[in-house]
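Encoded as structure tokens, the structure appears first; notes follow it.
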Amino acid sequence: IAVALRPERIRIKLNIEKGEVSFWDGGREKHLVTLTHKFEERLFPIFGPGLHPTPMVLAPGKIALHTS
């Protein structure tokens, strides 16, 4: 993903019903990319920050749960 400025925070939005996972620049509220997939099995979060020397920190945020 090509970005002009490296994001300090990444926001992840998951919409299981639409089959979408969206990634946002958490500081500037700029959309980075949306991936689509038909989710047919349970989902488990796995975070892999890559080969960066500093640890990844999970920041608290709002959780919104919508049911139909």
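Each residue of the sequence shown is one higher than the one before, counting from 1 in the UniProt record's numbering.
Virtual Cβ for every residue (Gly too), placed ideally from N, Cα, C.
Classify Lys38 as helix, strand or coil using the three-state DSSP reduction. The residue labelled residue 38 in the question sits at position 38 within the sequence shown. Three-state DSSP puts Lys38 in coil, outside helix and strand.
Are the region 21-34 and the region 44-53 touching by the rule of at least three beta carbon pairs closer than 8 Å? no
Looking at the strands, I want to know which residues DSSP matches up with Ile12. Taking the first residue of the sequence shown as position 1, residue 12 is located at position 12. Under the DSSP definition of a beta bridge, Ile12 partners with Phe23.
Closest residue to Lys30 among Gly19, Ile12 and Thr36 (Cα-Cα distance): Looking up residue 30 in the sequence shown gives position 30. Closest option to Lys30, Cα to Cα, is Ile12.
Determine the direct distance from the alpha carbon of Thr67 to that of Met56, and round the result to whole angstroms. Taking the first residue of the sequence shown as position 1, residue 56 is located at position 56. Taking the first residue of the sequence shown as position 1, residue 67 is located at position 67. Spanning the two alpha carbons is a distance of roughly 31 Å.
Using the DSSP secondary-structure output, state which residues sit across from Val33 in a beta bridge. Along the sequence shown, one-based indexing puts residue 33 at 33. The secondary-structure analysis by DSSP pairs Val33 across a beta bridge with Phe23.
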